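K.L.:
Handing you a structure now.
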Amino acid sequence: MTEMIAAEPAVAARCLGRLAADGSAAGLAGELRLAAAAGAPVVVVGCGTSEHGAIGVAAIMRDAWRTAGLAGQGPVPEQAFEASLEPHPGLCIAVSHDGGTWATTRAIEAARSVGARTAMITVSGRAPGAQGVDIVLETLERDQSYCHTVGYMSPLVAATAVGAALTGRPVDPALVRELMAAGIDSAATAAAEVIAAGLATTRPIITIGSGADRGPARELVLKLEEGTWIPAASRNLETFAHGHLPSTNASTGLVLILTERRARAERVARARQMLAAAGVIGIRVAGIFSADVAEALDPALTPLGRVVVPEAPDLPAPVAALLGTATPLQLIVERL
Numbered sequence: 004m005t006e007m008i009a010a011e012p013a014v015a016a017r018c019l020g021r022l023a024a025d026g027s028a029a030g031l032a033g034e035l036r037l038a039a040a041a042g043a044p045v046v047v048v049g050c051g052t053s054e055h056g057a058i059g060v061a062a063i064m065r066d067a068w069r070t071a072g073l074a075g076q077g078p079v080p081e082q083a084f085e086a087s088l089e090p091h092p093g094l095c096i097a098v099s100h101d102g103g104t105w106a107t108t109r110a111i112e113a114a115r116s117v118g119a120r121t122a123m124i125t126v127s128g129r130a131p132g133a134q135g136v137d138i139v140l141e142t143l144e145r146d147q148s149y150c151h152t153v154g155y156m157s158p159l160v161a162a163t164a165v166g167a168a169l170t171g172r173p174v175d176p177a178l179v180r181e182l183m184a185a186g187i188d189s190a191a192t193a194a195a196e197v198i199a200a201g202l203a204t205t206r207p208i209i210t211i212g213s214g215a216d217r218g219p220a221r222e223l224v225l226k227l228e229e230g231t232w233i234p235a236a237s238r239n240l241e242t243f244a245h246g247h248l249p250s251t252n253a254s255t256g257l258v259l260i261l262t263e264r265r266a267r268a269e270r271v272a273r274a275r276q277m278l279a280a281a282g283v284i285g286i287r288v289a290g291i292f293s294a295d296v297a298e299a300l301d302p303a304l305t306p307l308g309r310v311v312v313p314e315a316p317d318l319p320a321p322v323a324a325l326l327g328t329a330t331p332l333q334l335i336v337e338r339l
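Going by the working numbering, the first residue of the sequence shown is number 4, and it counts up by one from there.
Take a look at the structure:
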């Protein structure tokens with residue numbers, strides 16, 4: 004896991020360049036345009052880490068869909084098993100790192116049975132689940148982590164390539180590499196060490212996100228429970244204040260992820276109130292923030308510290324949030 008996290012910035016840059024060059028990202032962008040023209044639903048499915056990857060993929064593609072001026076709501080995420088039970092015609096995009104997840108394969112088969120076009124983001128077109136799929140985006144670099152790291156990041160990069168093809172606005176791989184490297188540089192690593200030490204004795208750990216940060220908050224829960232065996236749960240920013248606070252106390256840990264730059268003022272204002280409540284209770288709080296958010300929130304609100312990542316204004320908002328938080332959330336778990 005340590006080695007995979009360190010490799011991710013370079014892997015992401017290679018993957019983005021490769022998918023932009025091999026035509027597969029443009030091919031899926033074409034499928035999205037056809038679905039929009041037909042008014043057909045587009046669902047992105049996955050299971051486990053790939054489910055959270057699918058949430059991010061849908062967010063990135065939906066943002067590109069709107070930027071491109073396409074009609075309709077754009078791609079939406081669905082859990083693979085649930086999607087297999089209620090398939091939709093239109094376009095089904097599956098996320099599966101190894102391409103062999105049972106529920107995801109079932110979802111693809113069910114979608115095909117009702118006439119949907121299908122696509123898969125996976126490590127290799129030779130994967131079992133990729134057989135018979137209309138378009139395959141190969142990420143090519145296999146994850147060796149006990150807790151999937153590259154397997155979470157790769158579909159987000161693939162979606163970035165598709166979004167660039169859909170909008171006609173190329174994304175510089177060097178910007179992606181720089182953003183992800185900042186999440187594991189010496190400052191980020193030092194902060195992660197302090198956060199991990201503070202969270203190590205907490206039970207449970209609550210993760211909170213808003214907007215594009217909700218997928219990373221859910222992924223952090225999976226990593227915590229899978230890798231550290233610490234019970235964890237994810238809440239939306241507003242949801243946490245509605246009934247969940249009475250179950251918390253000074254032994255509760257909390258990680259707020261806040262990098263989403265759309266509607267930022269409203270998100271930061273509500274986060275400030277939520278963190279103030281957590282402080283009254285004595286919850287042990289840490290954060291993964293973008294640079295401007297870190298400036299806006301008093302350090303006293305996050306007594307365990309925060310990992311700060313760049314704003315990346317030259318990247319689409321969900322891309323900056325999702326790729327900017329990928330390495331820090333993994334690093335905190337690895338330190339734990």
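Where is the CB? At the ideal position from N, CA and C, for every residue including glycine. All figures in this text were calculated on a predicted structure; none of them were measured in a lab.
Restricting to runs no shorter than 4 residues, where is the alpha helix (DSSP H) found entirely within the stretch 102-167?
P.N.:
105-116
K.L.:
Here's the rule: buried if 16 or more other CB atoms are within 10 angstroms of the residue's CB, otherwise exposed. What is Thr142?
P.N.:
Here residue 142 corresponds to residue number 139 of the sequence shown, with the count starting at 1. So Thr142 ends up on the buried side.
K.L.:
Starting from the Cα of Leu261, find the closest Cα among Thr255, Ala279, Ala220, Ala236 and give me that residue.
P.N.:
As a working mapping, residue 261 is identified with position 258 in the sequence shown. Taking the Cα of Leu261 as reference, the smallest distance to any Cα among Thr255, Ala279, Ala220, Ala236 is reached at Ala220.
K.L.:
What distance in whole Å lies between the Cβ atoms of Ala324 and Ala244, which are believed to be in contact at a cut-off of 8 Å?
P.N.:
One-based indexing of the sequence shown puts residue 244 at position 241. One-based indexing of the sequence shown puts residue 324 at position 321. Contact doesn't hold; Cβ gap of about 22 Å is too wide.
K.L.:
Once you ignore the five residues that flank Arg109 on each side, which residues in its own chain have a CB closer than 6 Å to its CB?
P.N.:
Translated into the one-based positions of the sequence shown, residue 109 becomes position 106. Same-chain partners within the cutoff: Ser87.
K.L.:
Please state whether the Cβ-Cβ distance between Tyr149 and Met4 is less than 9 Å.
P.N.:
As a working note, residue 149 is residue 146 in the sequence shown. As a working note, residue 4 is residue 1 in the sequence shown. In this structure, Met4 lies closer than 9 Å to Tyr149 by Cβ.
K.L.:
My output table needs one value for Gly93: the three-state DSSP class, helix, strand or coil.
P.N.:
The residue given as residue 93 occupies position 90 in the sequence shown. Coil, per DSSP.
K.L.:
Return the first residue and the last residue of the alpha helix (DSSP H) that Arg265 is part of.
P.N.:
Taking the sequence shown and counting its residues from 1, the one referred to as residue 265 is at position 262. That residue, Arg265, is in no alpha helix (DSSP H); it is neither H nor E in DSSP.
K.L.:
Could you round the C-beta distance between Leu19 and Val165 to whole angstroms and report it? I think they count as a contact, below 8 Å.
P.N.:
Counting from one through the sequence shown, the residue named residue 19 turns up at place 16. Counting from one through the sequence shown, the residue named residue 165 turns up at place 162. Incorrect: roughly 11 Å between the Cβ atoms, too far for contact.
K.L.:
Is it true that the CB of Leu227 sits closer than 9 Å to the CB of Val336?
P.N.:
Taking the first residue of the sequence shown as 1, we reach residue 336 at position 333. Taking the first residue of the sequence shown as 1, we reach residue 227 at position 224. In this structure, Leu227 lies closer than 9 Å to Val336 by Cβ.
K.L.:
Locate the beta strand (DSSP E) running through Arg180, then write down its first and last residues.
P.N.:
Looking up residue 180 in the sequence shown gives position 177. Element bounds for Arg180: not the beta strand (DSSP E) but the alpha helix (DSSP H), 176-185.
K.L.:
Can you find the residues in the same chain that come closer than 6 Å, C-beta to C-beta, to Val174, ignoring five residues on each side of it along the sequence?
P.N.:
The residue given as residue 174 occupies position 171 in the sequence shown. The residues are Thr163, Ala167.
K.L.:
So what does Arg238 bridge to, in DSSP terms?
P.N.:
What you label residue 238 is simply residue 235 of the sequence shown in a count that begins at 1. BP columns for Arg238 point to Ile211.
K.L.:
Using a 10 Å radius around the Cβ and a threshold of 16 neighbouring Cβ atoms, would you call Gln276 buried or exposed?
P.N.:
As a working note, residue 276 is residue 273 in the sequence shown. Per the 10 Å Cβ criterion, exposed.
K.L.:
Taking the DSSP output, what are the residues bridged to Glu6?
P.N.:
Along the sequence shown, one-based indexing puts residue 6 at 3. Answer is none; Glu6 lacks a bridge partner.
K.L.:
Looking only at its own chain, which residues have a Cβ that is under 6 Å from the Cβ of Leu73, when we skip the five neighbours before and after it?
P.N.:
The residue labelled residue 73 in the question sits at position 70 within the sequence shown. These residues qualify, in order along the chain: Ala39.
K.L.:
Around the C-beta of Gln333, are 16 or more other C-beta atoms found within 10 angstroms, so that it is buried, or is it exposed?
P.N.:
Position 330 of the sequence shown holds residue 333. Buried.
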